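Read through the structure below, which is laid out as structure tokens, and then see the notes.
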Amino acid sequence: MKWFGVALGAGFVAAVIAAAFGTTAAQASPSESFSRGGTFAQRLLTAHNLERDRVGVPRLKWSAKLAGDAQAWADNLARTNRFEHSQNRGDAGENLWMGSAERYTAEQMIGGFVQEVRHFRPGQFPHVSMTGSWHDVGHYTQLVWRDTQQVGCAVARGRANDVLVCRYWPAGNVIGRPVL
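For the sequence shown, our numbering begins at 18 and goes up steadily by one.
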């Protein structure tokens, strides 16, 4: 499944999150390292945890290993100009996002996953979408999956787009299990 930030726009949820942080695209350089305060990676983690707090599931912790794996895949996608899930991610879940280079903040990127909440209905996976297709909420359900404990994300610049890869451990979207 492809999800393009450009095609769907930043959405209301992303705008609310970005407004709460007072960010602009110029302030959101994906090349910032995680080790500095208020960095791009920390903002990605915070955007995840804001939604997890809202629905009452435990906060995620940042994983340098998952972020490293995500960076390798993001670099590959940017280099090859492809947009597809990795087949070699072990037990990790994965969310992908793509949008025009240098146009989106960390909060808007994660907001793209969060905006899928408009189609979400609580229940056992995969019966969690008001549209009848779990693909319409799959990024969101992975983001809020109760049993997921860690996340690591990375961004790479392609010819015209930024590609975000987020890896989650343990993976969510397990058939027959409740999301929340």
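In this text, a Cβ means the ideal position worked out from N, Cα and C, and glycines have one as well. Given the structure is predicted, the values throughout are model-derived calculations rather than measurements.
Relative to the C-alpha of residue i, which residue among the options is closest?
i, options, result
"residue 190", "93, 165 and 134", "165"
"residue 120", "177, 56 and 182", "177"
"residue 141", "168, 80 and 192", "192"
"residue 109", "179, 168, 180 and 154", "168"
"residue 61", "149, 138 and 79", "79"
"residue 180", "150, 87, 136 and 152", "87"
"residue 91", "107, 112 and 73", "112"
"residue 123", "154, 173 and 107", "173"
"residue 134", "68, 56 and 63", "68"
"residue 175", "118, 56, 102 and 104", "118"
"residue 197", "75, 63 and 56", "75"
"residue 107", "136, 163 and 185", "185"
"residue 194", "143, 149, 148 and 147", "143"
"residue 73", "187, 163 and 188", "163"
If I follow the unbroken beta strand (DSSP E) through residue i, where does it start and stop?
i, result
"residue 168", "167–174"
"residue 179", "178–186"
Measure how close the beta-carbons of residue i and residue j come, nearest whole angstrom, since I'm counting them as under 8 Å.
i, j, result
"residue 58", "residue 170", "7 Å"
"residue 77", "residue 65", "5 Å"
"residue 138", "residue 131", "Going by Cβ atoms, the distance from residue 138 to residue 131 rounds to 16 Å, so no, they are not a contact pair."
"residue 129", "residue 114", "5 Å"
Can you tell me where the alpha helix (DSSP H) holding residue i begins and where it ends?
i, result
"residue 85", "81–97"
"residue 68", "57–72"
"residue 113", "That residue, residue 113, is in no alpha helix (DSSP H); its beta strand (DSSP E) goes 110–117."
"residue 156", "155–161"
Verify the contact flag: residue i, CB atom, against every heavy atom of the ligand MG, threshold strictly below 7 Å.
i, result
"residue 118", "This structure lacks the ligand MG; in fact it carries no ligand of any kind."
Does the pairing of the segment 151–164 with the segment 90–97 give three or more beta-carbon distances under 8 Å?
-> no
Return the chain-ordered ranges of every alpha helix (DSSP H) run that is complete within the segment 119–150 and spans a minimum of 4 residues.
-> 123–131
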